[in-house]
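Heads up: the structure comes next, in structure tokens.
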Amino acid sequence: MRTIIKKTTNFRLSPRDIIPLLVWVTIILLTWLFMHGADHFLQLTPEALGKYFKIKWVLIAHITAGGGSLILGFLQFWPNLRTYSWQLHRIIGTLYLLAVLVSSICAVILAFTTAYQINWAYAFSLQVWVSVWISATTIAYYAAIIKKFKLHQEWMVRSYIVTLAFVISGLTLKLPMIKQLGSFEEISPSLFWMGWAVPLYLYEIIKSFKRTA
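Quick note: the sequence shown uses the numbering used here, first residue 34, plus one each step.
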């Protein structure tokens, strides 16, 4: 990428890094809060895992790799960090792709097995969600391979929006006012769609206005 310049000096924070740093710290805290709700699964007992017991390692790998993708993903959009070193950008991007690969494969397994024990709508919403996640990330990777870096950046944004949807939907489901709307089985499918579809739609609106500006 022409805009990526290799630096020989150490990376130093500047005043314009304050906002990206605060956003990244916020994402780390939200990721911790989201993953903290799954701590009981680490007991690895049938009582703690319930329907996930037979595929417990799939669940744990999905959660762990998903958390990694959330934390790593935003670093790719940090302006100073991205332009500091293309090697570092590539390493972070590769780690993000690997984290998404592991988490998404596990998500596919969960969506086509245990998800049906809740209901069909729940399973279907997860299946579409993970399909969008995998396809967006794959297109982003392919665009980088063929050196279409603007396209790569746009699809990486889409991929990360879908990644963030896990936190958005998960935390929304914990809000008292949301819980009052119905049972988990009733409201979770709609919130899963909302978690990624609405942010993606807003991103496309913003992008279209930038093109016409």
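Yeah, the Cβ is synthetic: ideal placement off N, Cα and C, and Gly gets one too. Model, not experiment: these values are computed from the prediction.
Apart from the five residues just before and just after Met189, which ones in its own chain have a Cβ nearer than 7 Å to its Cβ? Gln109, Ala173
Quick one: what's got a C-beta closer than 7 Å to Thr41's C-beta in the same chain, skipping five residues either side? With a pLDDT of only 45 at Thr41, under the threshold of 50, the placement of this residue in the model should not be trusted; the figure read from the coordinates follows. Answer for Thr41: no residue qualifies.
If you measure between the beta carbons of Phe74 and Ile93, is that distance less than 8 Å? yes
By how many angstroms is the C-alpha of Ile167 removed from the C-alpha of Leu63? 23 Å
Reduced DSSP category for Ala81 - H, G, I as helix; E, B as strand; rest coil: helix
Give the straight-line distance between the Cα atoms of Thr146 and Pro112, rounded to the nearest whole angstrom. 40 Å
Which residue from Lys181, Glu187, Gln76, Gly99 puts its Cα closest to that of Leu236? The sequence given here places Tyr at residue 236; Leu does not occur at that position. Among Lys181, Glu187, Gln76, Gly99, the Cα nearest to that of Tyr236 belongs to Glu187.
For Ala169, which residues of its own chain have a beta-carbon under 7 Å away from its beta-carbon, when the five flanking residues on both sides are left out? Trp188, Arg191, Ser192, Val195
Can you check the region 102-185 for any alpha helix (DSSP H) of at least 4 residues that lies completely inside it and give the ranges in chain order? 112-117, 119-144, 153-178
Going by DSSP in three states, Gln213 sits in which element: helix, strand or coil? coil
Less than 8 Å between the beta carbons of Ile211 and Gly228, yes or no? no
Leu204 versus Pro48: straight-line alpha-carbon distance, rounded: 31 Å
Roughly how many whole angstroms lie between the Cα atoms of Ala154 and Lys181? 37 Å
From Ala71 to Cys139, what distance separates their C-alpha atoms? 16 Å
Counting Cβ pairs closer than 8 Å, one from the region 94-104 and one from the region 122-139, do we hit at least three? yes
Inter-residue spacing [alpha-carbon to alpha-carbon] between His122 and Leu214: 43 Å
Check whether the Cβ atoms of Leu159 and Phe86 sit closer than 8 Å, and answer yes or no. no
Measuring straight from C-alpha to C-alpha, what distance separates Leu54 and Glu80? 40 Å
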